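Single-structure report; data block below.
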Amino acid sequence: MPLQAKLQSVDSISHVETGVLHSPFHSRTSALNINQQWSVWNGFASAIYYGDALLEYFATRNACAVFDVSPMRKYRFQGVEVEAMLNRMVTRDVTAQKVDTVAYNVWCTDAGRVVDDGTLFRLANDEFMLCCADPCLDWFLLSAVGFSQVEITDISDAVASLALQGPTSCALLKAMGFDGIDHCKPFQIMRFPWNGGDIMISRTGYTGDLGYELWLDPGLAEPLWDALFEQGRVFGIQPLGDESLDMARLEAGFIAPDVDFHGALHTVELHHDHSPFELGLGWIVNFKKTHFTGRAALEREKASGNYRRLVKLDIEGNKPAENSVLYADSHCRREIGYVTSAMWSPVVKANIAYGLIEAKYADGEIWAEVYHQKELRWYRKVARCLKVSKPFWSPERAKQTPPPDC
Amino acid sequence: MNRTYDAIVIGAGHNGLTSAAYLAKSGLDVLVVEKNDYIGGAAVSRELHEGWLYSNCSYVCSLLRQSIHRDLDLTRHGLMIVPYNGTTNFSRTGDYIAEYPDHDMQYREIRRHSLRDADAVHRYEADLMRYARLIRHFLLRTPADPTSFKPRDLGELVFMAKKFAGMGEEQVLEFIRFMTMSAGDYLDEYFENDLVKTLFSTSSIIGTALGVYSPGTAYVLLHHVMGDVDGAVGAWGLARGGMGAISDAIAGALKEHGGEILTEAPVAQILVRNSRATGVVLENGDEIHAGIVVSNLDPKRTFTHIMDQKDIPEDLYDKARNFKIRGSSGKVNIALTGMPDFPSLPPGHMLRNGTFQFLDSLERMERAYDDWKHGRWSADPFVEMTQSSVWDPTLAAPGHYFVSCFIQYCPAEVEGGWTPEKRDAFGDTVIDQISNYSPNFRDLIAHMEVRTPHEIENEIGLTEGNIFQGELTLDQLMFNRPFPGYSQYRGPVKGMYMCGSGTHPGGGVSSACGANAAREILLDLKRPNIVPEDDVDE
């Protein structure tokens, strides 16, 4: 019998073995990444920092900074049944979401465990874009069972995206000719013709400060980057890497996948995944809407009150409680949880962290066992932790429309 | 005006506000009286030219105690300290030497000038860091009285001895030697290259009426590297919105705790009855009464201007009269309509986000000091130019810049007295110096404020315009600050206190003097101490 297999040329699959992929902005980000400090995000090179992580972090609080979000996974949901399909999948009420708005969402398993979180963009009555940090197409297709009129497409590589964050971000966009951007409300979407194409701008971000995300055709990526940095110089623009963004998001009270929570579909051990209530996301679980995946389990969990709490902690001293185990007493006798993220916050001047605490100890004393190093020698201290209810950083300007100084 | 308060603080500079904030937080009824129509003293931001906010006196920040920032919740009251790169020093050869926050860049930069010095920097920095860490323990503590047998003083002396002993015997001896040295001699011991020495030397003379080879300047150098930004010891930052943001934030905390501020209220005299402070009388004749009166004015001004000579011991008057508080520096604050050219550093260069200096040897610095000794401003002055608005978008419109220059040396008195013409000539000397390195600088000037020690004294009330409220020399430090026997913030009469930079730990926008004074006042009132300890958890 003759050979039936279709032989592939080496070229057609070369991208598998090239190592990291390049985002549409790579020519620009790699020029600025003077120390060649890269992490890998969904297979793409993502700058850890460019010149100085601290200065770049401060740009999000003091001026403006640009983060290349292109490696984010982006999916288009289209069709007449799309609203109903998404409404069954996510925990918020999609039927209440207006066209040209964005809503932060989670989606859960039947057991009420978080699969992932992401932002849901309503682009039209029958069209949405869902952005999440990790690939999720398999789950989306499973979630579409029973809905024949829904088409789900991975558009990750077809959309380049940048986050522009910080107090001068609005003024910069305005100076670039995006007229009316100052009237864009938080979580609103606006569209602008630009350089022969279209740019979609949403007032969203991961820093807790005033900020926007720009969505565009990859062909416009390099000209947009150049225009931002050319016009942005007088607005104090800086490129932003993972390290700085991670600081900003922790201050802002945002959780990070694979850092603060472990996706249910990837979790082997019992209770190593999380419910939205554990992660402090009860505010986006809507029991007033119709059925959604995980609802019954979540209703039971909420009624029981028996779930861990991811709490914001203000910790005494100035040594970040990285990887710390948490206790109910200063003698470290009763272990009650662990720290998921920790840092010294330069703007708030506080030693902050998230801790995941067992339900029955959530209202009691919390102590962190902190290890820190000085000239290679290790020191241990037990530091008192105070629970904080609000985000550590949430300036007024992030909510104001138009924003100040714009 | 006829009200009685628990405490009156004279002078709404940052230390006065800090003291007042803690007294108010403790539950006292507090009033701050300020002679100017604005608060902040020497930590201010003022729109002196339309569209430009001038951070026109103190200009950068490193000593502000982090634990006070955190404890008074100054971030919520609007304060953000943003670190900046460091110093770039231009030489007349057209080259420069720069400080980089990145360790490897710093190494490559020094190596460009001297291979040996690039390595020696590590030894130098470790030695200096040892002293900085030692001193940092004492900033938010009241100095011990070395002659006292009170348990508190003995405890403090033991604390001090332990910290010294923690360095090891050899280093204690080295430290004692260091405290008496000149910065020039000290740097000569480590480095061979003039530009390298220059880069590290300039903080040794800032605000000081001494030359880089005068004994005692090694400590002044240390005083400028013992601060930190977020635990990075030696780093400096800018207050977003100018230095006035610091004063405004502390005032916000003060008001939140019920404190009041009265501006345009210069004090004529501290009232004393039966050897007790009873309040103040303002220049307009109003009397305000309080059992606690705290002076944030410098010690000389406090005891020779606003206290009746009859109310204080005569030896104290003498000490105040002899207190070394000499004017040595001036300020030129400039509104620019564009980014000035510095041909070797194009706009956008990372070194643009820092301060610029124009020197190439310690000898040139010493010559600048020689002019001052002869009663002239330096013909070839040391200029530290802080390009605040390159990094702070709130000071000027996009594309416009605010630049603050600190200049040494400039005497408090010149022959025939200061006149507006001489002041402007001093300003021209500074612009000439900058123009040597930036050809279009002069063309971009929209407005300029020139301040000699004369203006600084008259506007802010610092005697001779001395930025530290008294020289930072060994005879005026720790338990000698401001005078022996008066280092614990208490004045000569009951209920009278000092809280300005003339007290320990001295000059700089630290809030430490004000906080330490508040702690002593609360102790005397037998109220619980609410002043936090320092974050020296390194």
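Chains L and C supply the protein sequences, listed in that same order. According to this note's numbering, the residues represented by the first sequence are 1 to 406, in order. According to this note's numbering, the residues represented by the second sequence are 1001 to 1538, in order. From the three backbone atoms N, C-alpha and C, an ideal C-beta is built for every residue, glycine too. What you are looking at is a predicted structure, and each value in this text was computed from that prediction instead of being measured.
In whole angstroms, what is the alpha-carbon distance linking L:TYR212 and L:SER345?
23 Å
Do three or more CB pairs link the stretch 238 to 246 of chain L to the stretch 58 to 69 of chain L at distances below 8 Å?
Segment contact: the stretch 238 to 246 of chain L against the stretch 58 to 69 of chain L, three or more CB-CB distances shorter than 8 Å; contact assigned.
With a threshold of 7 Å, establish whether the CB of C:ILE1010 neighbours any heavy atom of the ligand ADP.
The ligand ADP is not part of this structure, which contains no ligands at all.
Quick test of the definition: if touching needs 3 or more C-beta pairs under 8 Å, does the stretch 361 to 378 of chain L touch the stretch 278 to 296 of chain L?
Taking one beta carbon from each stretch, the stretch 361 to 378 of chain L and the stretch 278 to 296 of chain L have fewer than 3 pairs nearer than 8 Å; the two do not touch.
For L:ARG28, would you say it is in contact with chain C, using Cβ-to-Cβ distances shorter than 8 Å as the test?
no
Give the interface partners of L:LEU55 over in chain C, defined as CB-CB distance under 9 Å, in chain order.
VAL1082, PRO1083, TYR1084, ASN1085, PRO1101, MET1350, ASN1353 and TRP1391
Interface positions of the stretch 1327 to 1349 of chain C facing chain L (Cβ-Cβ less than 9 Å), listed along the chain:
MET1339, PRO1347 and GLY1348
Chain L contact for C:ARG1070 (CB, 8 Å cutoff)
yes
Span of the alpha helix (DSSP H), counted from its first residue to its last, around C:GLN1171:
1169 to 1180
Among L:THR18, L:GLU222 and L:TRP107, whose alpha-carbon lies nearest the alpha-carbon of L:ASN195?
L:GLU222
How do the stretch 1060 to 1078 of chain C and the stretch 1219 to 1238 of chain C stand: do at least 3 beta-carbon pairs fall below 8 Å, yes or no?
Segments in contact, yes.
Residues in the same chain with beta-carbon distance under 6 Å from L:PHE306, minus the five sequence neighbours each way, listed in chain order, please.
According to the sequence provided, residue 306 of chain L is Asn. The question's Phe does not apply to it. Closer than 6 Å at the Cβ level, and outside the excluded window around L:ASN306, lie ALA359.
So with Cβ pairs under 8 Å, would you call C:ASP1534 a contact of chain L?
It does not; no Cβ of chain L falls within 8 Å.
If you drop the 5 nearest sequence neighbours on each side, which residues of the same chain put their C-beta closer than 6 Å to that of C:VAL1332?
CYS1405, GLY1427, VAL1430 and VAL1450
Quick check on C:PRO1398 - is its C-beta less than 8 Å from some C-beta in chain L?
yes
If you check the beta carbons only, do C:ALA1251 and C:GLY1495 fall under 8 Å apart?
No; because the gap between Cβ atoms is not below 8 Å, this pair is not in contact.
Can you list the beta strand (DSSP E) stretches of 3 or more residues lying completely in the stretch 1369 to 1402 of chain C, in chain order?
1382 to 1386, all fully within the stretch 1369 to 1402 of chain C.
Which whole-angstrom value describes the C-beta separation of C:GLY1041 and C:ALA1021, a residue pair presumed to lie in contact below a C-beta threshold of 8 Å?
Going by Cβ atoms, the distance from C:GLY1041 to C:ALA1021 rounds to 15 Å, so no, they are not a contact pair.
At the level of alpha carbons, what is the spacing between L:GLU375 and C:HIS1122?
14 Å
Once DSSP output is grouped into helix, strand and coil, what is the label at C:ILE1460?
helix
Option in L:SER169, L:HIS15, L:SER14 and L:ALA353 with minimal Cα separation from L:GLY317:
L:ALA353
Along chain L, which residues have their Cβ under 7 Å away from the Cβ of C:THR1075?
VAL347, VAL348 and LYS349
When burial is assigned at 16 or more other CB atoms within 10 Å of the CB, is C:GLU1457 buried or exposed?
buried
At a CB-CB cut-off below 7 Å, which residues of chain L make contact with C:ASP1230?
TRP344 and PRO346
Against chain L, which members of the stretch 1053 to 1068 of chain C pass a CB distance test of less than 9 Å?
GLN1066 and SER1067
Identify the residues that DSSP records as bridge partners of L:ALA368: which are they?
L:LEU326 and L:ALA383
Quick one, which of L:CYS332, L:ALA45, L:LEU313 and L:VAL268 has its alpha-carbon nearest L:ASP363's?
L:LEU313
Can you list, in chain order, the residues of its chain with a C-beta nearer than 6 Å to that of C:PHE1483? Leave out the 5 residues immediately preceding and following it.
Here the set comprises LYS1319.
Contact list for C:ARG1240 against chain L, beta-carbon separation under 7 Å
Against chain L, the beta carbon of C:ARG1240 has neighbours under 7 Å at ASN62, listed in chain order.
Can you list, in chain order, the residues of its chain with a C-beta nearer than 7 Å to that of L:PHE140? Leave out the 5 residues immediately preceding and following it.
TYR75 and ILE152
Residue environment, L:PHE287, which counts as buried when at least 16 other CB atoms sit within 10 Å:
exposed
Is it a yes or a no for the stretch 115 to 125 of chain L touching the stretch 166 to 184 of chain L, going by three-plus beta-carbon pairs under 8 Å?
no
Where do the ends of the alpha helix (DSSP H) carrying L:LEU16 lie?
In the sequence as presented, Leu is not what sits at residue 16 of chain L; that position holds Val. Bounds of the alpha helix (DSSP H) holding L:VAL16 are 14 to 17.
Could you give the residue range of the beta strand (DSSP E) that holds L:CYS406?
Careful: L:CYS406 lies outside any beta strand (DSSP E) and carries neither H nor E.
Tell me whether C:VAL1158 sits in a helix, a strand or coil according to DSSP, three-state version.
helix
Quick check: is the beta carbon of L:ASP52 nearer than 8 Å to any beta carbon in chain C?
yes
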